[in-house]
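Residue numbers (the UniProt record's numbering): 1 to 307.
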């Protein structure tokens, strides 16, 4: 005898629709504990003929969970990234539905979550993902940042020939060449994991992104650019990235002095907070940011599962 099983109590899994955007924005914002705030316009319905990268779980007409599976990025070309939010009971069926339609050419799935995002942490561990890499984030209260604490070190370096400055958008081609070479040095030398691996940038791409959305600060030694840090304004906060010192000028306090110079600029411009981050393996940058007064937050975990 065949027994019929009711399934009307189970959620329906389907692609995101335009009408779901507000509900999904709320779920994702809640999932990251408000660390970022998402708006409905961040979530768009897939175009006809394309594979939907985001699915939702709907029950009784209400969207209760969501998952997105899409290429991780140019810096990690062999990986897909899975993001989940909402009712944790829906995460496994959403993952299975996503994997059933996953594009070819990828060998692993990565998930990124902070260690206090309990439902995501529990899911990735239970689903057989490996806790592969750990990253740190840190914030600095610029309203209490005191540039005077770094003046003595900056003067000492100045007497040794080191001069920090903000790079102007109309800098000569030779400066952009030097900047790109230094950027490539950082990409080669700095410890990293998938979440801290930058997308590759050409010389012109680096120049364009700095001109369009960043403030770049450099240190010159006898006229040559030997250190770089980049700030990206986001509301009342600036995020720093792309921080690198030429190997011949490391372990002299050059980067601490340069970041202090950049943060002094940010404070003068009225920004209230500064953020940064990186892999836990990058101990030199951890030391620099500790000296500057950054306070580290809970760790970010990158989970990995082979396909």
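By construction, the Cβ of each residue, glycine as well, lies at the ideal position given by its N, Cα and C atoms.
Everything numeric in this text was worked out from a predicted model, so none of it was measured.
Beta-carbon spacing of residue i, residue j below 9 Å
i: residue 264; j: residue 255; result: no
i: residue 194; j: residue 67; result: no
i: residue 305; j: residue 110; result: yes
i: residue 290; j: residue 247; result: no
i: residue 280; j: residue 136; result: yes
i: residue 44; j: residue 21; result: yes
i: residue 149; j: residue 294; result: no
i: residue 284; j: residue 252; result: no
i: residue 258; j: residue 217; result: yes
i: residue 307; j: residue 107; result: yes
i: residue 46; j: residue 52; result: yes
i: residue 292; j: residue 158; result: no
i: residue 266; j: residue 167; result: no
i: residue 243; j: residue 197; result: no
i: residue 180; j: residue 203; result: yes
Buried versus exposed, by CB contacts within 10 Å (16 or more), residue i
i: residue 58; result: buried
i: residue 125; result: exposed
i: residue 11; result: buried
i: residue 98; result: buried
i: residue 300; result: buried
i: residue 34; result: exposed
i: residue 227; result: buried
i: residue 133; result: buried
i: residue 326; result: Past the boundaries of the shown model lies residue 326; the chain is included only from 1 to 307, so the question cannot be answered.
i: residue 268; result: exposed
i: residue 19; result: exposed
i: residue 61; result: exposed
i: residue 101; result: exposed
i: residue 396; result: Past the edges of the chain, shown from 1 to 307, lies residue 396, and the structure says nothing about it.
i: residue 274; result: buried
Distance between beta carbons of residue j and residue i, contact taken as under 8 Å
i: residue 241; j: residue 138; result: The Cβ separation is near 13 Å, so there is no contact.
i: residue 55; j: residue 15; result: 6 Å
i: residue 219; j: residue 163; result: 7 Å
i: residue 282; j: residue 191; result: 5 Å
i: residue 63; j: residue 24; result: 6 Å
i: residue 75; j: residue 189; result: The Cβ separation is near 16 Å, so there is no contact.
i: residue 213; j: residue 232; result: 6 Å
i: residue 88; j: residue 50; result: 28 Å between Cβ atoms; not a contact.
i: residue 130; j: residue 303; result: 7 Å
DSSP beta-bridge partners of residue i
i: residue 305; result: 109
i: residue 217; result: 166, 229
i: residue 209; result: DSSP output for residue 209 lists no bridge partner at all.
i: residue 131; result: 303
i: residue 80; result: 71, 109
i: residue 296; result: 138
i: residue 244; result: 228
i: residue 24; result: Answer is none; residue 24 lacks a bridge partner.
i: residue 100; result: Answer by DSSP bridge pairing: none, since residue 100 is not bridged.
i: residue 59; result: 62
i: residue 237; result: 234, 273
i: residue 15; result: 55
i: residue 85; result: 66
i: residue 188; result: Note: residue 188 sits in no beta bridge, so no partner.
Heavy atom of the ligand PLP within 8 Å of residue i beta-carbon
i: residue 50; result: The ligand PLP is not part of this structure, which contains no ligands at all.
Exercise. Touching or not, the segment 116 to 125 and the segment 163 to 177, by the rule of three or more beta carbon pairs under 8 Å?
Worked result: no
Problem set entry | Three CB pairs or more closer than 8 Å across the segment 26 to 44 and the segment 70 to 86 | yes
For this session: Please determine if the segment 94 to 113 and the segment 260 to 276 are in contact, where contact requires at least 3 C-beta pairs separated by less than 8 Å.
Result: no
Exercise. Counting pairs of beta carbons, one from the segment 220 to 228 and one from the segment 200 to 207, are three or more of them closer than 8 Å?
Worked result: no
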